[in-house]
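Colleague:
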Amino acid sequence: MVDTAGNKAAALVTMAVITIAAALVPLYVRKMLKGRMHLPRTQRALSGCLCFGAGVLMATVFLHLLPEARMFVNDAMQGGFLPPTPYPVAELIVCVGFIIIYIIEDVVHTCVRRSSRGNKDLEMKGKKAQDKDARHDNAEEGSKSRKQDEVDESFQHLMEGHAEHRSEPGGHSHEHGLTQGISLLRAVIVVVAFSFHSVMEGLALGLQETSAGVWFLFAALMAHKVFIAFCLGMELLEVGVSLVPFVVSMTIFSLSSPVGGAMGALVWSLSTRDTTVGVLVPTILQGISAGTILYVTFCEVLERERAKPEGGPVRLVCFIIGFGFISSLRVLDEGCNKLTAPVANSSLA
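The following block contains the structure:
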């Protein structure tokens, strides 16, 4: 138990350091690449890396976390903490975790859409007022132009209108600032959402009961967190976040998984294994965290990357490679059966 706790602490500290480093790399990459970040080749490479991480996460859920949740539920039934039933309880808990995150995401997106609609309404009112003033000015100038040469005056009016449009300081800059503010709000919400997901992912690591399970899940989570941290950093810089808020946001994201892992380890260490609560709380949290990772895989990473017009074959190959990587680890891992060691049996032995 002490050895496992030490491995959890080492894994969580290592995860925090690596994630912070990956999150700060965009500060230097942006200077080096300058305007090349939007090139198709660069976008395909980033998309492929994210899909590799998605393949890793999907394999982790179905080949590691879900079988482990099933074993925990079966042991709880055998220990008398749950009534024996053929109902797929473990799968139900995983789905509940998926639904919980879906509801939270939907509420957040609804708030963002309402905020965007309110800003767009204000923007449209401003445009209508500007158009009304422009039509009034054009009508006055049109009445004057009838007294002069029609062709010359039309040409002169056109050039004056163009010059006035270029010298107008308020319209375009206000619209640009408003759009940038909306983009910044959305980027911050994305960071908060991913931070919550990371807490739940770290929770799964903290609930592992063997050192092999800790490092297996650590490798799986890091295979995708590094790329997520890098892309989030690039997104924040793209919408114009200044240095201090950028560092604070990425530090919060980087520390969210270690915080979740510490919570999971604390729950696991304080759970009394001969009580219903002590057995069921880690089991339920394990299933919910698996559902969270499943949501991140399909509804956050794959859905967003598949919507991109280019790089489909690259994404598919990277996704398969990521899935095959974890599948191979499961085959080669000599301590594979230790990863699903019973929870209840450890208290009854």
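The sequence shown: position 232 = 312 (the numbering used here), numbered continuously.
Positions of the beta carbon are idealized from the N, C-alpha and C atoms, including for glycine.
(1) Please classify MET138 as buried or exposed, where buried requires at least 16 other C-beta atoms within 10 Å of its C-beta.
(2) Just tell me which of LEU350, PHE310, GLY177 and HIS189 has its CA closest to the CA of GLU281.
(3) Is it buried or exposed for GLU244, if we count other Cβ within 10 angstroms and need 16 for buried?
(4) GLY177 by DSSP, collapsed to three states: which one?
(5) Enumerate in chain order the residues of its own chain whose CB-to-CB distance from ILE179 is below 8 Å, with the five nearest sequence positions on each side excluded.
(6) Measuring alpha carbon to alpha carbon, tell me which residue in PRO393, ALA102, LEU335 and GLN288 is nearest SER369.
(7) Are the CB atoms of VAL153 and THR377 nearer to each other than 9 Å?
(8) Looking only at its own chain, which residues have a Cβ that is under 7 Å from the Cβ of LEU143, when we skip the five neighbours before and after it?
(9) Which whole-angstrom value describes the C-beta separation of GLY341 and GLY286, a residue pair presumed to lie in contact below a C-beta threshold of 8 Å?
(10) What residue does the alpha helix (DSSP H) around CYS129 start on, and which one ends it?
(11) So VAL25 packs on PHE132, CB below 8 Å; how close in whole Å?
(12) Taking the continuous alpha helix (DSSP H) assigned at VAL324, which residues delimit it?
(13) Determine the direct distance from the alpha carbon of SER322 to that of ILE373, and round the result to whole angstroms.
(14) Just the Cα atoms here: how many angstroms apart are VAL306 and CYS398?
(15) Are the beta-carbon atoms of SER349 and ALA85 separated by less than 9 Å?
(16) My output table needs one value for GLY313: the three-state DSSP class, helix, strand or coil.
(17) Indicate the three-state DSSP secondary structure (helix, strand or coil) for ALA387 in the structure shown.
Modeller: Here's the rundown:
(1) Within a 10 Å sphere around the beta-carbon of MET138 sit 16 or more other beta-carbons, which makes this residue buried.
(2) Looking at LEU350, PHE310, GLY177 and HIS189, the one whose alpha-carbon comes closest to that of GLU281 is GLY177.
(3) Residue placement at GLU244 cannot be trusted, given a pLDDT of 43 that sits under 50; what the coordinates show is reported in the next sentence. Exposed, by the Cβ-count rule.
(4) Three-state result, GLY177: helix.
(5) The beta carbon of ILE179 is closer than 8 Å to those of GLY371 in its chain, skipping five residues each way along the sequence.
(6) Sorting PRO393, ALA102, LEU335 and GLN288 by C-alpha distance to the C-alpha of SER369 places GLN288 at the top.
(7) No, these two residues do not count as a Cβ contact at 9 Å.
(8) If we look at LEU143 and ignore the five residues flanking it on each side, its Cβ neighbours are ILE406, SER407 and ARG410.
(9) For GLY341 against GLY286, the beta-carbon gap comes to about 4 Å, under 8 Å, which counts as contact.
(10) 120–140 is the extent of the alpha helix (DSSP H) around CYS129.
(11) Any question about residue 25 goes unanswered here, given that the chain covers just 81 to 429.
(12) 323–350 is the span of the alpha helix (DSSP H), which, as asked, contains VAL324.
(13) Straight-line Cα distance between these residues: approximately 30 Å.
(14) Cα-Cα distance, rounded: 15 Å.
(15) Judged by their CB atoms, SER349 and ALA85 are nearer to each other than the 9 Å cut-off.
(16) Three-state result, GLY313: helix.
(17) Reduced to three states, the DSSP call for ALA387 is coil.
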